[in-house]
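Written out below as C-alpha cells is the structure these notes cover.
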Amino acid sequence: MAEADSNNEAHWQRTKNLTIITLIIWFIFAFGVHWFAPQLNSITFLGFPLGFYMAGQGSLFAFVVIIFWFARTQNKIDEEFGVAEDENEDE
Amino acid sequence: MKGDFIQNLGKIYGLYTGGFLLFIILMAILEQAGVSPDTIGYLFVGFTIAIYALIGVLSRTMATDQYYVAGRQVPALYNGMATAADWMSGASFVAMAGGIYFGGYGYMAFLVGWTGGYVLVASLMAPYLRKFGCYTVPDFIGTRYGGNFARLCAVIVLVVASFTYVTAQINATGTVASRALQIPFEVGVWFGLAGILVCSMLGGMRAVTWTQVAQYIVLIVAYIVPVVWMSNKSGFGMIPQLAYGDAVHRVQELEVLHQIGTLKPTEKFGGLAALVNPINAPGDTLMAKWKFATLVLCMMCGTASLPHVLMRYFTTPSVRSARISVGWSILFIFLLYFTAPALATFTKLSLLDPTLATGIIGKSIADVNALEWIQKWSAVDFLRVSDSNGDGILQINELFMRADIVVLATPEIAGLPYVISGLVAAGGMAAAMSTADGLLLAIANALSHDLYYKIIDPKAETKTRLVVARILLLGVGAAGAFVASLKLTSILGAVAWAFDFACSGLFFPLVLGIWWKRANRQGALAGMIGGFVAGSAYLYYVYFAGGTPWFGIDHLRFGVIGMPVSLVLMIVVSLMTEEPDEETQRMVDAVRTPRGGTILDSAH
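Chains as they are written, first to last, in this note's numbering: chain A, 1055 to 1145; chain B, 2 to 605.
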C-alpha cells in the first residue's frame, strides 16, 4: 500500500510538472506575444505583419500543437508509472 | 455492412460527406438549368435539416447512460468533430469574420481566447472530469464538495450561462432561416427551434453527438469553399489561409486611399455600422493591450468552464481518449478560425479594390444601388447605402452593414454563384443548431439529473427521469425562442456574457476541486456565489445602470471582476473552515490517477 502511494505521489509530481510547463507555453502564446503586437508588426513573416499573424493564426496553431504534445507526454508518464488504463478498460 | 454503428463510423460519415458533395454539385447543375435562387436556398436548408432530424430519430434511446453520455463510447476523433460543432456557434460561423471585418486586430482577441481555452480544458479539466465519471458538471461539484446546496449553486450558474448563450444561437438560427426561407425573423426563430428539438429530444447526448458530427462536416465545407473560391478568383491561390498576407498589405494600401479610420460616418442607422477600424492596428497604449489581454482571459477561462463543452468529454471511452479528443476538437476548430481572418480580408478587398469588378467604394451611388445584393440586403434592413455628403459617389463612411451579414453576404459580394450562398446558409444553420442542441441538452440534463433526480426525487425511476428531461428540453427551448424573438442583445454580446457568467461562477470551483485537496464545501460555495454575484453585479452596474467601467473593464469582460473574487473567497473560506474528510481526499487522489474505475458508477 505504502509503495503504491509513493508511486502515485511520484506520478502526480510528474503530472504537475508537465501541467506547469504546458501552462507556461500557453501563457506566452495567449498573452506574451500579443502584448508586443505593434512591435512585431514591423517584421514580415510569410508575407504577413507578424503581430497580425500571431493573433490570426500563429497562436492558434501553437495551441493545437501544445495540446497534442501534452496528451502524448502525459500518456507516456502514465505508462511509465504503470497507472495508464488497460486496453480493455476502454470498453 | 459488418459490425455495429461505432465500428463503421468511418464508412458512414465518408458516405455522408460524399453524398453532401454530390448534393452541392446537383444544386450547381440546377442553378445552371435555371432553377431560382430561392428554391436552391430552400433545398439547402431543408435537405440538411431533414438529415439531422433523421439521425436524431434513428438515435433515440431510453437508457440513462446513452441519454446522458452517449454510452461513453464516442471515439476521440469523432468526439473532436462533435465538440467542434458544439463549440462553433452562430457567433463563430456567422458573426466572427464580420467582427474581424469591422473590428480589425482588436477583435482577434476572440480567436486567441476561443482556441487557447482548450489548453486549459486539456491540462486542467477534461481528463479528470472524465475519470470522475459524472453525467453533468453540477454532478462533479455536488459529489466533490458534498451537499445539495453546492449542487444547486452549480445548476444555477450553468442555467444562467447556458441560457444566455442559447438565446444567441436561436437568434442566429432565426436570422439564417428568415433570410434563406424568406419568413419573418420572429417565425424563423420558432422554425429553428423545431429543428433543434427533433435532434436532441428523443436521443439526448447520443443523438446530439451523431448529428453534431454531421453538422460539423456541413459547416466546415460551407465555410472553406467560398473563401478558397474568392481567393482563387482574386489570384491568391488555392490555400487562402497561407496566402492572404499579401491581401492584408493590399488592404492597408487601400485604407489610405479610402481614408479608413479618418472618415467617420455622419449618420446613424440602428444596428448597422460603417467601416472605421483599420485591418491591422493593435494599440500601443497600456489600455489597448490590457483590453486585448482581459478579453482573451475571459474567453479562455469561460471555455474551460462552459458545461456544454466539458460534458462532451464525458462521452469518450477513456481518460486517455478524453485528452487526445481535446486535441482533435481544437484542430477542427482551428480549421475554421484561421480561415475567418482570411474571409474578412478577402471580403474587404472585394469591396475596396477599385481595380476589381466587385469594388464598390468610389463608384457612383446609382450604380451601387442597382446591384442585386445591395438591394436584397437593404430590403431586410441589414444594409444601407446613404449618400451622406450628397456628392453622388459612395465613400467608405456611407456604406452601413450589420456585422453579422458579412459571412452570409460574402458569396454575393464577391460575385460567386448562388449555390455558394445556399451552402453558406446551410453551414450557418448547422453551426447555430449544433450549439443550441448542446446547450439545451446541458440545461435539461442539469435540471433533470441534478435538480429533479438528485435533489427533489432521488427515488425516481429511470423512465420518469428521462421523460422529465424531455419535457424540460421542450420548456427551456420554448423559453429560449421567446427571449430570442425579443432581440435583447446582439449575437456576440450574449455569447460573451455567457462566457463571463461561466468563468465567474464555475472556473475556480472546478479547477481547485481537482488541483487543491484542501478546497472544501464552504470554500466552493463562497467561490461560486461570490464570483457569480460580483460578476453579475458589475455587469448590471456597467451595462444597465450606465456606470463608468473601471480600468476599461466593459460588459464584455466582466469575468475579470468575477474570477478574482471567486478565487480569493474560495481560498480564504476553505482555509478558515475544516479540511475535507478523508473520503473526499481519497476521491481526489483517485481522480488524479487514470487507472481504475470511475468514481461514480455507470448508472448513478
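All residues carry an ideal CB built from backbone N, CA and C; glycine is no exception.
B/Ala223 and B/Tyr53 have their C-alpha atoms some 16 Å from each other. Listed in chain order, the non-local C-beta contacts of B/Leu255 below 7 Å within the same chain comprise Leu353 and Asp354, local neighbours out to five positions each way being set aside.
For B/Cys504, the closest C-alpha among the options B/Arg152, B/Ile221, B/Lys12 and B/Leu296 is that of B/Leu296. With fewer than three CB-CB distances shorter than 8 Å, the stretch 1103-1122 of chain A does not count as touching the stretch 172-187 of chain B.
Each residue's CA atom was taken as its position, placing B/Gly531 and B/Gly506 some 8 Å apart.
A/Phe1117: member of the alpha helix (DSSP H) spanning Ser1113 to Glu1134, first to last residue. With respect to B/Leu400, B/Ala92 sits apart: the two C-beta atoms are not nearer than 8 Å. The three-state reading of DSSP puts B/Ala162 in helix, counting H, G and I together.
Rounded to whole angstroms, the gap between the alpha carbons of B/Ala485 and B/Ala110 is 26 Å. With at least 16 other beta carbons inside 10 angstroms of its own, B/Lys455 counts as buried. Think of a sphere of 9 Å around the beta carbon of B/Thr348: no beta carbon from chain A falls inside it, the nearest being about 15 Å out.
At a Cβ-Cβ threshold of 8 Å, B/Gly57 and B/Ala208 count as neighbours. Interface annotation, A/Thr1127: not in contact with chain B, CB-CB separation never under 8 Å. Proximity of A/Ser1113 to chain B, defined by a Cβ-Cβ separation below 8 Å, is satisfied.
In the DSSP assignment, B/Arg596 falls outside any alpha helix (DSSP H), carrying neither H nor E.
Within the stretch 329-343 of chain B, the residues whose Cβ lies closer than 7 Å to any Cβ of chain A are, in chain order, Ile331, Leu332, Phe335, Tyr338, Phe339 and Pro342. Excluding residues up to 5 positions away in sequence, Phe6 lie with their Cβ nearer than 8 Å to the Cβ of B/Ile13 in the same chain. Taking 3 residues as the shortest admissible run, the stretch 369-438 of chain B contains the following complete beta strand (DSSP E) segments, listed from N- to C-terminal end: 384-386 and 400-402. At least 8 Å separates the beta-carbon of B/Gly439 from that of B/Thr304. Taking 8 Å as the CB threshold, A/Glu1139 lines the interface with chain B. Residues of the stretch 63-88 of chain B with a C-beta less than 7 Å from any C-beta of chain A: none at all. Following the DSSP letters along the chain, one finds B/Ser567 inside the alpha helix (DSSP H) bounded by residues Gly560 to Met577.
Below the 7 Å Cβ cutoff, chain A contributes Asn1095, Pro1103 and Phe1106 as neighbours of B/Asn281, in chain order. The DSSP-derived three-state label of A/Thr1098 is strand. Taking B/Ala497 as the centre and dropping the five residues before and after it, the same chain places the C-beta of Leu557 closer than 7 Å to its C-beta, in chain order. At a cut-off of 8 Å, the C-beta of B/Pro595 has a neighbouring C-beta in chain A. Three or more pairs of CB atoms, one per stretch, sit closer than 8 Å, so the stretch 586-605 of chain B contacts the stretch 129-138 of chain B. With a 10 Å radius around the Cβ and a threshold of 16 neighbouring Cβ atoms, B/Asp451 comes out buried.
Among the CB atoms of chain B, none fall inside 8 Å of the CB of A/Asn1071. Proximity of chain B to A/Ile1121 at the Cβ level (cut-off 7 Å) is accounted for by Tyr119, Val120, Ala123, Val327, Gly328 and Ile331, in chain order.
When the alpha-carbon of B/Tyr314 is set against those of B/Phe509, B/Leu125, B/Ala29 and B/Ile562, the nearest one is in B/Leu125. The alpha carbon of B/Leu203 has as its nearest neighbour, out of B/Val469, B/Thr116, B/Leu395 and B/Pro412, the alpha carbon of B/Val469. Listed in chain order, the non-local C-beta contacts of B/Thr316 below 7 Å within the same chain comprise Val70, Ala71, Arg73, Val75, Asn80, Met206 and Thr210, local neighbours out to five positions each way being set aside. B/Phe293 is a Cβ neighbour of A/His1088, given a cutoff of 8 Å. The alpha-carbon of B/Phe45 is positioned some 52 Å away from that of B/Asn521. Rounded to whole angstroms, the separation of the alpha carbons of B/Phe500 and B/Gly536 is 11 Å.
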